[in-house]
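Participant: One structure coming up, written as structure tokens, with questions to follow.
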Amino acid sequence: MTTLEAPTRRRTKPKQSLGREDRNPRRWIFTIVIGIIAILINVPLLNAILVSFKPDGEIARNPIGLPQNATLDHYANVLYASGYDFPKFFLNSGMIAVGTVLLVLVIAVPATYAIVRLGFGGRWIIDGASGLRLLPAIFFVVPFFILFSNLGLQDSVPGLILANTFLNLPLAIILLAAGLRDIPKEVEEAASVDGAGVFRTLHSIVLPMLASTIVAVSVLVFIFTWNDYLFALVLSSSNATPVTLGASNFVTSTGIRWGDISAASFLSTIPPLLFAVFAQRYLVSGLSAGAVKG
Amino acid sequence: MASTFVRQKKHGASLILSAPLIIFAALFVAYPLVSGTMTAFTSKSLLDPTDTFNGVDNFVSLFTKPAFLNAAGFTLSFAAIVVLCEMVLGFGLALLFDRKFPGKKLFFTLTLLPIMIAPALLGIMFRLLLNEDIGAIPAILQSFGLSVSLFSPSSVVPLLVVLDILQWTPFTFLIIYAGLQSFPKELLEASAVDGATFLRQLWHVVLPVLKPVLFAAFFLRAIDAIRTFDVIYVLTAGGPGTSTTTLSIFIYKVAFEQGDFGKAAAASVVVLICLLPFVPFIVKRIASSGMEGK
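Chains A and B, in that order, are what the protein sequence lines are. What the first sequence shows, in this note's numbering, is residues 1 to 294, in sequence order. What the second sequence shows, in this note's numbering, is residues 1 to 294, in sequence order.
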């Protein structure tokens, strides 16, 4: 009996057994199938990485295989050798993304606290934020262009920080509100009884407890801002050009230098990819909470 | 007395805490909404920035020429196809992932990478992959004796559909997979004991419980698909002809290639009015699904 029972239990309740399960050959079928899918959807990225290491002559001659005479020339070209503005684009993207994260937090954290805990504005600000996130960004492109031209913010890093703050504030407020509601109110009430004012409570009690939500918001806002293209296309022309726009300019303005283009586009995806690998926990929680909580 | 004092103090504090949000929202949300709507009734252009009222001329011109309606038709059918495919594939992938197998962590990270890559940069990577002279895909097709011109009018739309699916199936996968993790596994075990087949379980147990999550994934993707801009603009700029012009590309081109701000604003207003009725509905559904999840 016992010898018969053991394998059946293992098959019907896979969640409950650990190490032994991995040796089951059927598990490897999933490894193979899912592995193929995971690699397949990353073919564009993998291909760009391969091309970026091929010398110019080899790119057309050997479109499928691994680089035969691997070279770092394209990276040298992109970073310093060929007089591209790529380092400047990269720096712009970094400044715009970090600036946006800071501005979003400065605006959203205190306001969300006032909305959720002090009852400011009631439910409609959160609903408004959720609604705003659903509206097409393209609507705001023409008014932003006109407004920024009038304010002298056209083609400037502060201008793009403001535009991306606009794009990301709704998600930040939604996530922070959800995070705040998960924190027990009693701690703050105790602090208030002990005589701590609103600002002190916010600073020394709420902020530390909200830290993981704040990290999740920062990671998401950084990535979304780094990846923005539409507003960069409309609101920047040369001084404030970020990598998304700069890398696509390579395609048209410098003839077709595929090796340099692939090196530039791979380098430009590194910051978001690093977050995807090292801050995955926050990304997953942020994206899925942003999807279902409101 | 004391309590009104506290309430007043709280009211003052929430005003101070919300002040940055109020100022930002007034300048960069309310003002662009109003000025964008007003621009729709003028002949404002890139060259003539004065507001000359021209009534509903812009709207008449939109609906009497085919370009706008064609863009709307293309956008809706494109969005419908890609979102449907991404929901089915994302769901399937989530089911595949919902077990233990060797290499799961690595493949999970790999599967999420496409979400993190800027769509504009992914567009460049697609160009690299699909280019007739140096691309890996045409080279592979040729080795099978197939010479397909991928960007010809007949194959460009299916191509864009495949590329969108490649990039965004990971998103629906992530949302659905997160939902599956909080799925009460006892339900499955109970129905397995009752002798239900896998498909019956899926239809009668899994789908009903996951409905709110599926709903959230569907609508977030649909909203994003309707405003698609980056990848298509980088790859085809809406061509050949206007065959892949989405609403976002149409509005962008009217505003910044034809320089007709009034007409672009009018198109934006029409899109906004068409989407607006869905917003409260989606906000309510997504918010309530969050409650159920807790």
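In this text, a Cβ means the ideal position worked out from N, Cα and C, and glycines have one as well. For clarity, every value in this text was computed on a predicted model and none was experimentally measured.
Would you report the Cα separation of Phe148/A and Val187/A, rounded to the nearest angstrom?
Facilitator: 44 Å
Participant: Could you tell me whether any Cβ in chain B is nearer than 8 Å to the Cβ of Thr303/A?
Facilitator: One cannot answer for residue 303/A here, as it falls past the ends of chain A, which runs 1 to 294.
Participant: Residues in the same chain with beta-carbon distance under 6 Å from Leu210/A, minus the five sequence neighbours each way, listed in chain order, please.
Facilitator: Gly179
Participant: Which residues of the region 258 to 281 of chain A have a Cβ closer than 9 Å to any Cβ of chain B? Give them in chain order.
Facilitator: Those residues of the region 258 to 281 of chain A that come within reach of chain B (Cβ to Cβ, closer than 9 Å) are Trp258, Ile261, Ser262, Ala264, Ser265, Phe266, Ser268, Thr269, Pro272, Leu273, Phe275, Ala276, Val277 and Gln280.
Participant: Counting beta carbon pairs with one atom in the region 191 to 202 of chain A and one in the region 189 to 209 of chain B, are three or more of them shorter than 8 Å?
Facilitator: Segments in contact, no.
Participant: Just to confirm before moving on: does the CB-CB distance between Phe139/A and Ser268/B stay below 8 Å?
Facilitator: In this structure, Ser268/B lies closer than 8 Å to Phe139/A by Cβ.
Participant: Is Phe144/B helix, strand or coil by DSSP?
Facilitator: coil
Participant: Quick one: which chain A residues come within Cβ less than 9 Å of Gly135/B?
Facilitator: Asn47 and Pro63
Participant: Starting from Pro114/B, trace the alpha helix (DSSP H) in both directions and tell me its first and last residue.
Facilitator: Lys104 to Met116
Participant: To be precise: take each residue of the region 177 to 203 of chain A, compare its Cβ to all Cβ atoms of chain B, and keep it if any distance is under 8 Å. Which residues remain?
Facilitator: Ala178, Gly197, Val198, Phe199 and Leu202
Participant: When the distance is taken between beta carbons, is Ser191/B closer than 8 Å to Val209/B?
Facilitator: no
Participant: Please list the partners that Leu147/A has in chain B, where partner means a Cβ-to-Cβ separation under 9 Å.
Facilitator: Leu27, Phe28, Tyr31, Pro32 and Ser35, listed in chain order.
Participant: Which bits of chain B does Val116/A rub up against, with CB to CB less than 9 Å?
Facilitator: Under the 9 Å cutoff, chain B gives no residues; its nearest Cβ is about 10 Å from Val116/A.
Participant: Nearest to Leu33/B by alpha carbon, out of Ala265/B, Leu180/B and Arg200/B?
Facilitator: Ala265/B
Participant: Using 8 Å as the threshold, is the C-beta distance between Val156/B and Pro240/B below it?
Facilitator: yes
Participant: Can you grab the Cα-Cα spacing for the pair Met87/B / Thr169/B, in whole Å?
Facilitator: Separation of Met87/B and Thr169/B (C-alpha to C-alpha, rounded to the nearest whole angstrom) is 7 Å.
Participant: Report the option in Ile183/A, Arg117/A and Ala232/A whose CA atom is closest to the CA atom of Pro208/A.
Facilitator: Ile183/A
Participant: Can you give me the Cβ contacts of Val231/B inside the same chain, cut-off strictly under 8 Å, excluding the 5 residues immediately before and after it?
Facilitator: Pro119, Ala120, Leu122, Gly123, Phe126, Leu160, Leu163, Asp164 and Gln167
Participant: In the DSSP output, what is Thr42/B paired with across the bridge?
Facilitator: Phe53/B
Participant: Could you give the DSSP three-state label for Arg99/B: helix, strand or coil?
Facilitator: DSSP places Arg99/B in coil when its eight states are reduced to three.
Participant: Using only the alpha-carbon positions, how far apart do Pro277/B and Ala232/A sit?
Facilitator: Distance between the alpha carbons of Pro277/B and Ala232/A is about 29 Å.
Participant: Which residues in chain A sit within 7 Å of Val283/B, going by Cβ to Cβ distance?
Facilitator: Taking the beta carbon of Val283/B as reference, the chain A residues within 7 Å of it are Asp127, Ser130, Gly131 and Gly294, listed in sequence order.
Participant: Would you decide whether Ala80/B is buried or exposed? Buried here means 16 or more other CB atoms lie within 10 Å of its CB.
Facilitator: Exposed.
Participant: Taking only the alpha-carbon atoms, compute the straight-line gap between Ala289/A and Ser43/B and give it to the nearest angstrom.
Facilitator: 43 Å
Participant: Between Asp194/B and chain A, is any beta-carbon pair separated by less than 8 Å?
Facilitator: no
Participant: For Asn317/A, which residues in chain B fall below 8 Å Cβ to Cβ?
Facilitator: The requested residue 317/A does not occur in the structure, where chain A is confined to residues 1 to 294.
Participant: If we define contact as Cβ-Cβ less than 8 Å, is Tyr80/A a contact residue for chain B?
Facilitator: no
Participant: Under three-state DSSP, which class holds Ser149/B?
Facilitator: coil
Participant: Can we say the region 178 to 187 of chain B touches the region 99 to 108 of chain B, given the rule of at least three CB pairs closer than 8 Å?
Facilitator: no
Participant: Please name the residue, chosen from Thr75/B, Phe41/B, Ala94/B and Leu89/B, that lies closest to Ser61/B on a Cα-to-Cα basis.
Facilitator: Phe41/B
Participant: Applying the criterion that 16 or more other CB atoms from any shown protein chain within 10 Å of the CB defines a buried residue, is Lys284/B buried or exposed?
Facilitator: exposed
Participant: Report the start-end ranges of each alpha helix (DSSP H) in the region 235 to 260 of chain B that is 4 residues or longer and not cut off at the edges.
Facilitator: 247 to 256
Participant: Can you name, in chain order, every residue of its own chain whose Cβ lies under 8 Å from the Cβ of Val76/B, other than the five neighbours on each side?
Facilitator: Reading off the sequence shown, one finds Leu at residue 76/B, where the question assumed Val. Non-local beta-carbon contacts of Leu76/B in its own chain, meaning distances under 8 Å to residues more than five positions away in sequence, involve Ile226 in chain order.
Participant: Please report the straight-line C-alpha distance between Ala48/A and Pro25/A, rounded to a whole angstrom.
Facilitator: 34 Å
Participant: Could you check what DSSP says for Tyr233/B in three-state terms: helix, strand or coil?
Facilitator: helix
Participant: Which value, in whole angstroms, describes the spacing of the CA atoms of Glu58/A and Phe151/B?
Facilitator: 24 Å
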